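In my numbering, the protein residues as written are 115 to 361. Cβ coordinates follow ideal geometry from the N, Cα and C atoms, glycine included. Since the structure is predicted, the reported quantities are computational estimates derived from the model, not experimental observations. What follows is a short report on a single structure.
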Ligand SMILES: *[C@@H]1O[C@H](CO)[C@@H](O)[C@H](O)[C@H]1NC(C)=O
Ligand SMILES: *[C@@H]1O[C@H](CO)[C@@H](O)[C@H](O)[C@H]1NC(C)=O
């Protein structure tokens, strides 16, 4: 009976100890059960650290670096504000601990959500036989699970239309190296999907214009070279004659 009682008492004492010396963090918006605060980019987060012993000094850290606090914001209760939240705050860990005992501590982690700015219609004019590039901003957190492109309402046929498609997580890029009016003119949509939020979409209206005559640079260069060479040979043959008659 005695043997069973001891561990219980021990646990009870431990519980009292953590409550007496403990610190805890309250936040707006609220911390979830995993200690994570989900917050949309450019909004504000306010964190308040409380401790049981009212007269002890508190310390705040952001990713291990000390946050500077005013004197009146240290004892018993201490608040920090992230205003506004930026991309770099994603994954940032805020820790509060007792000034004299860093093992009495509590932490929260920020999870910053963002997605591309809504964008309207983009008009694109491209010359026949030129290169066509369409960009769609797809940088988001949580990331989009899929990005799709349509032309006049049906999925873009990459092979038949001579398109190449790349996505580096920031931009989805649709490129055609050799534009043909019959293949490439029309209305394009890029649509990014994520189970976490509504779809993101951007529209492009692509017009293919006739090919303008480019300045014929190569024939002109060839012409100049021929003229120069002819002059050079003329001078040379003349020089021969002049030097001959001087002898
Ligand atoms: C710091 O707090 C821990 C946990 O409450 C405790 O075990 C430890 O003895 C304390 N250390 C000091 C130096 O007070
Ligand atoms: C898309 O629709 C426009 C307008 O109806 C049409 O002029 C164009 O040829 C179509 N593009 C393709 C590739 O079918």
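DSSP on residue i, reduced to helix/strand/coil?
i	result
residue 323	strand
residue 292	coil
residue 348	helix
residue 336	helix
residue 202	helix
residue 122	With a pLDDT of 41 at residue 122, under the threshold of 50, the modelled position of that residue is not reliable, and the figure given next carries that caveat. Helix at residue 122.
residue 185	helix
residue 212	strand
residue 224	strand
residue 155	coil
Cβ of residue i within 7 Å of any heavy atom in ligand 2?
i	result
residue 266	yes
residue 288	no
residue 272	no
residue 300	yes
residue 297	yes
Between which residues of its own chain and residue i is the CB-CB distance below 6 Å, once the five residues before and five after are set aside?
i	result
residue 375	Look at the range of the chain in this structure, 115 to 361, and you will see that residue 375 is not part of it.
residue 348	none
residue 170	212
residue 306	252, 258, 261 and 314
residue 221	207 and 209
residue 136	166
residue 287	249 and 280
residue 138	164 and 220
If we cut at 8 Å on Cβ distances, does residue i have a partner in chain C?
i	result
residue 148	Considering every chain present, this structure includes no chain C. It has just one protein chain.
Below 8 Å CB to CB, which residues in the same chain sit around residue i once its five sequence neighbours on both sides are set aside?
i	result
residue 120	At residue 120 the pLDDT is 42, less than 50, meaning the model places this residue with poor confidence and gives no usable figure here.
At a cut-off of 7 Å, would you count residue i as near ligand 1, judging by its Cβ distance to the nearest heavy atom?
i	result
residue 223	no
residue 218	yes
residue 215	yes
What are the partner residues of residue i, as DSSP defines its beta bridges?
i	result
residue 149	Bridge partners of residue 149: none, in fact.
residue 265	268 and 302
residue 193	162
residue 258	Paired residue(s): none; residue 258 is not in a bridge.
residue 280	287
residue 229	Per DSSP, none; premise fails for residue 229.
Using a threshold of 8 Å, state whether the C-beta atoms of residue i and residue j are closer than that.
i	j	result
residue 289	residue 239	no
residue 161	residue 194	yes
residue 292	residue 267	no
residue 248	residue 318	yes
residue 202	residue 242	no
residue 265	residue 234	no
residue 141	residue 159	yes
Note down, in chain order, each residue of its chain lying with its Cβ closer than 7 Å to the Cβ of residue i, except the 5 sequence neighbours on either side.
i	result
residue 351	none
residue 157	198 and 199
residue 255	204, 226, 227 and 228
residue 244	293
Answer yes or no: the CB of residue i versus the heavy atoms of ligand 3, is any distance below 7 Å?
i	result
residue 280	Ligand 3 is not part of the structure shown, which contains ligand 1 and ligand 2 as its ligands.
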